[in-house]
Every structure is written in C-alpha cells, then in structure tokens.
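Peer 1: Questions regarding the structure given below will be posed in turn.
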Amino acid sequence: MEVTVKKMKRFLMFKLPSAYLCGVRLRSIDNSTSVVTVRHKWINQNPFKSMYFAVQSMAAELSTGAIVIKKIYDSGKQISMLVTNHKGTFTKKAVGKITFTCADGNLIDEALQKTIVTGEGQTIVMKSEGVNEKGEQVSFYEFEWSIKLKSKK
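Per this note's numbering, residue 2 is the first one in the sequence shown, and the count goes up by one each step.
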C-alpha cells in the first residue's frame, strides 16, 4: 500500500480501531516528517480532565511508525517492524488539539540499508513531540523500532 494520509485513515479504522475511535489522525507525511493530531474529548479523557496518556502514546507512536511504514514500502522489500521500547514524558495537561510531530525520517534510511544488505535486524530510536494549540509541549516520546528483513519461506 502506498502510504498516503487517506490510506492511513483506512488503515487506522480497520487495524487500529481504538486509535481511530479516540480521534488519532495522520495529517501529513513525507520522507522526513509526519504530523498526527488528536483532540481532547470525552472518549479519550482521564479523570483529571485532560487526555489519557495512552491516547497520547497512540498518536506519538503513529507519528513515528507512519514514516517507518512509508520507508519500508518505498524500499520494495519485505521488512517487519516492531516497537521494542518506548519512553514518554508528560510536561503539561493535554487539553484541546494536540499535535505530534516526528522529524526523524532520515534515521530510517541507514538502518533499512543495513538490514537489507546484512539480513540482520536493526533498531532506530525516533522522537515525537506533542504540543498544544499554544505551541507548548505537553508530552515527549521516544520509540525504539526494530526492523528486520523477513525470511523467505
């Protein structure tokens, strides 16, 4: 599947329905950057009148993972991907529209080349920052992605 905003919306609906129902949406994607938004509302709230941390995690993960998916598709190779670790830091209550941006697309290219040439798995740590409508950081994430060439059967 060519990776576009429209196709990722369908992907979310059928493959990650909880993210879709909570309002997580990919807004833009290119070879280096992806932008995901989610708005605080009843379905994604916590008892403290802000966005539940897991919803922020889904949006942040999508901002990193969408670029990985795109780069894998563009490589034309059968490569698996998996989050092997993540870390989240919360700096402010998440209310209103939160925008998660990952600009680490350049990190994937070298790791993809290595896994294609050597057949060995590689890991990449990608960052995503969540900001509110005022431009204030509400959360910051690091996702460790593992990629590996799928074995031929």
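All C-beta atoms, glycine included, are put in the ideal place defined by N, C-alpha and C.
Kindly indicate which residue of Lys71, Lys149, Phe54 has the alpha-carbon position closest to the one of Thr5.
Peer 2: Nearest of Lys71, Lys149, Phe54 to Thr5, Cα basis: Lys71.
Peer 1: State the DSSP-derived secondary structure class of Tyr21, mapped to helix, strand or coil.
Peer 2: Three-state result, Tyr21: helix.
Peer 1: What's the C-alpha gap between Lys115 and Lys151?
Peer 2: Straight-line Cα distance between these residues: approximately 14 angstroms.
Peer 1: Which term fits Leu83, buried or exposed, when burial requires 16 or more other beta carbons within 10 angstroms of its beta carbon?
Peer 2: It counts as exposed.
Peer 1: Run the CB neighbour count on Ile44, radius 10 Å, all protein chains shown included, and call it buried at 16 or more, exposed below.
Peer 2: By the 10 Å Cβ count, Ile44 comes out exposed.
Peer 1: Identify the residues that DSSP records as bridge partners of Asn107: which are they?
Peer 2: Note: Asn107 sits in no beta bridge, so no partner.
Peer 1: What residue ranges within the stretch 3-88 form continuous beta strand (DSSP E) runs of no fewer than 3 residues, ordered along the chain?
Peer 2: Segments of the beta strand (DSSP E) lying fully in the stretch 3-88: 26-30, 35-40.
Peer 1: Would you please state the rounded distance, in angstroms, between the beta carbons of Ser147 and Ala61? I believe it to be under 8 angstroms.
Peer 2: No, Ser147 and Ala61 are not in contact; Cβ-Cβ is about 17 angstroms, not under 8 angstroms.
Peer 1: Can you tell me whether Lys93 is helix, strand or coil according to DSSP?
Peer 2: Coil at Lys93, not helix or strand.
Peer 1: State the CB to CB distance for the pair Asn86 and Glu145, rounded to an integer number of angstroms; the pair is presumed to be in contact (CB under 8 angstroms).
Peer 2: Yes, they are in contact, since the Cβ atoms of Asn86 and Glu145 sit about 4 angstroms apart, within 8 angstroms.
Peer 1: In whole angstroms, give me the CA-to-CA distance for Val132 and Val126.
Peer 2: One C-alpha to the other measures close to 20 angstroms.
Peer 1: Would you mind stating whether Leu27 and Ser33 have Cβ atoms separated by less than 8 angstroms?
Peer 2: No. Outside cutoff.
Peer 1: Where do the N-terminal and C-terminal ends of the beta strand (DSSP E) with Ser152 fall, by residue?
Peer 2: From DSSP, Ser152 is part of no beta strand (DSSP E); its letter is neither H nor E.
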